[in-house]
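Engineer:
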Amino acid sequence: MKVKVKYLARFRTLTGIDEEIIELPEGATVKDLIEEIKKKYPKFREEVFGEGFDEDADANIAVNGRYVSWDERLNDGDVVGIFPPVSGG
């Protein structure tokens, strides 16, 4: 299956692109997608996740406009947004 990944804010800088299509096996989860992205973009891995897989990493994930957990199953054609937490005052 194929999902469209949109990199927002500083994640654009870390990956060097705005968006891309990533192919994953059927039944893949958000965690599986993140693992693929970490393999492709070492800067993303190092700055966002460090040495391990940290589900509390400095990243938010939305699938088709809805915030999701790391174990959310993805479907062919999903649009996944990856962006840092937003704060303000």
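Using the numbering used here, you'd call the opening residue of the sequence shown number 37 and step up by one each time.
Just so it is clear, CB atoms sit at the ideal spot from N, CA and C, and this is done for glycine as well.
Model, not experiment: these values are computed from the prediction.
(1) Closest to E55 by CA distance: which of E83, P61, K38 and T65 is it?
(2) Name the DSSP beta bridge partners of E108, please?
(3) Since N96 sits in a beta bridge, which residues does DSSP pair it with?
(4) To which residues of the same chain is Y43 closer than 7 angstroms at the C-beta, ignoring the five residues directly before and after it?
(5) Let me know if V115 comes out buried or exposed under the rule of 16 or more other beta-carbons within 10 Å of its beta-carbon.
(6) Specify the secondary structure class of E59 as computed by DSSP and reduced to three states.
Structural biologist: In short, the structure shows the following:
(1) Translated into positions along the sequence shown, residue 55 becomes position 19. The alpha carbon of E55 has as its nearest neighbour, out of E83, P61, K38 and T65, the alpha carbon of K38.
(2) One-based indexing of the sequence shown puts residue 108 at position 72. E108 pairs with nothing; no bridge assigned.
(3) Counting from one through the sequence shown, the residue named residue 96 turns up at place 60. Beta-bridge annotation (DSSP): N96 is paired with F119.
(4) The residue labelled residue 43 in the question sits at position 7 within the sequence shown. Excluding residues within five positions, the ones whose Cβ falls inside 7 angstroms are T51, I53, D54, E55 and I118.
(5) Locating residue 115 in the sequence shown gives position 79, counting from the first residue. Exposed.
(6) For the purposes of this step, residue 59 is taken as residue 23 along the sequence shown, with counting starting at 1. DSSP places E59 in strand when its eight states are reduced to three.
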